[in-house]
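Residue numbers (my numbering), protein chains in the order written: chain A, 285 to 399; chain B, 25 to 141.
From the three backbone atoms N, C-alpha and C, an ideal C-beta is built for every residue, glycine too.
Computed from a predicted model, the values in this text were never measured in an experiment.
Everything on this sheet refers to the single structure shown next.
Below you can see the structure in the form of structure tokens.
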């Protein structure tokens with residue numbers, strides 16, 4: 285069990301550019317979540333997948349954001365035409381259903397800075 | 025209304041002392057789960073402890089315990105014998121609706137804990 289991994293750990297981009305982040309969940313977990321965390325705040329839910337199906341999307345996920353999990357394993361989060369307000373930490377988590385806790389285990393996050 | 029409220033933006037505690045981090049929550053759902061996470065400066069959210077709404081006893085995990093007062097809708101985290109490595113941000117979070125309910129976690133704004141040698 286190597287934990288949740290995210291790549292890249294840091295990303296600096298210019299406004300208007302597209303960026304893509306990757307998340308690899310814990311291998312036996314079939315649920316995968318994306319959160320966004322801005323400075324001084326707790327994480328905010330963006331979307332989640334069960335296997336390859338995207339089951340819920342937050343209103344925070346504007347049409348510039350798209351998330352995929354094509355084979356039910358890793359996931360990507362793409363932001364098109366980035367804006368300075370997109371600067372944040374993007375956190376991925378995974379969980380395994382069927383337990384009472386269904387604890388979400390988080391990755392190290394990707395810090396995005398939009399200049 | 026805020027679903028999770030953490031009223032202590034920052035706390036300073038002497039090493040080896042116990043510390044209580046406050047968390048109150050708001051839900052009308054009878055089935056919910058409460059979580060505490062630790063976030064060091066590296067950014068990763070580390071799961072600490074879980075309390076289910078139907079659990080009869082307060083949760084404990086090593087030096088962490090959760091003081092669950094359902095009627096008051098509070099779920100305070102207690103860290104015993106604090107260590108320098110406990111310095112971090114601490115977040116309280118809630119999942120509503122039980123196993124078949126809403127999957128997302130709602131987080132509070134966090135408490136920054138600093139342990140003083």
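For residue i, which of the options has the nearest alpha-carbon?
i: residue 119(B); options: 34(B), 78(B) and 57(B); result: 57(B)
i: residue 391(A); options: 61(B), 55(B), 30(B) and 46(B); result: 61(B)
i: residue 302(A); options: 368(A), 393(A) and 380(A); result: 368(A)
i: residue 397(A); options: 380(A), 386(A), 388(A) and 372(A); result: 372(A)
i: residue 340(A); options: 322(A), 311(A), 347(A) and 330(A); result: 330(A)
i: residue 68(B); options: 112(B), 116(B) and 127(B); result: 112(B)
i: residue 137(B); options: 28(B), 32(B) and 27(B); result: 32(B)
i: residue 100(B); options: 117(B), 110(B), 108(B) and 109(B); result: 117(B)
i: residue 399(A); options: 370(A), 345(A), 378(A) and 381(A); result: 370(A)
i: residue 65(B); options: 28(B), 27(B) and 114(B); result: 114(B)
i: residue 30(B); options: 324(A), 351(A), 293(A) and 350(A); result: 324(A)
So if DSSP puts residue i in a beta bridge, which residue, or which two residues, is it bridged to?
i: residue 307(A); result: 290(A) and 359(A)
i: residue 35(B); result: 137(B)
i: residue 93(B); result: 98(B)
i: residue 373(A); result: 321(A) and 395(A)
i: residue 379(A); result: 315(A)
i: residue 84(B); result: 89(B)
i: residue 334(A); result: 315(A) and 337(A)
i: residue 117(B); result: 59(B) and 131(B)
i: residue 295(A); result: 396(A)
i: residue 75(B); result: 58(B)
i: residue 328(A); result: 320(A)
i: residue 41(B); result: In DSSP, residue 41(B) forms no bridge with anything.
i: residue 68(B); result: Looking at the DSSP assignment, residue 68(B) forms no beta bridge with any residue, so it has no partner.
i: residue 48(B); result: 29(B) and 98(B)
i: residue 352(A); result: 360(A)
i: residue 112(B); result: 137(B)
By Cβ distance, which residues of its chain are closer than 6 Å to residue i, with the 5 residues on each side in sequence left out?
i: residue 76(B); result: 57
i: residue 333(A); result: 316 and 353
i: residue 80(B); result: none
i: residue 386(A); result: 379
i: residue 51(B); result: 120
i: residue 345(A); result: 330 and 331
Can you round the beta-carbon distance between residue i and residue j to whole angstroms, since I take them to be within the 8 Å contact cut?
i: residue 375(A); j: residue 327(A); result: 5 Å
i: residue 35(B); j: residue 133(B); result: 14 Å between Cβ atoms; not a contact.
i: residue 306(A); j: residue 358(A); result: 6 Å
Ordered along the chain, which non-local residues of its own chain (more than five positions away) have a Cβ less than 8 Å from that of residue i?
i: residue 98(B); result: 46, 47, 48, 49, 91 and 92
i: residue 121(B); result: 53, 55 and 56
i: residue 94(B); result: 77
i: residue 82(B); result: 75, 89, 90, 91 and 92
i: residue 42(B); result: 102, 103, 104, 105 and 106
i: residue 336(A); result: 353, 354, 355 and 356
i: residue 342(A); result: 328, 329, 330 and 331
i: residue 389(A); result: 287, 288, 310, 313, 377, 378 and 379
So, at 7 Å on beta carbons, what are the nonlocal neighbours of residue i in its own chain, with the 5 sequence-adjacent residues on each side left out?
i: residue 84(B); result: none
i: residue 393(A); result: 290, 373, 374 and 375
i: residue 38(B); result: 140
i: residue 313(A); result: 378, 379 and 380
i: residue 40(B); result: 105 and 106
Hey, is the stretch 290 to 305 of chain A in contact with the stretch 363 to 371 of chain A, meaning 3+ C-beta pairs nearer than 8 Å?
yes
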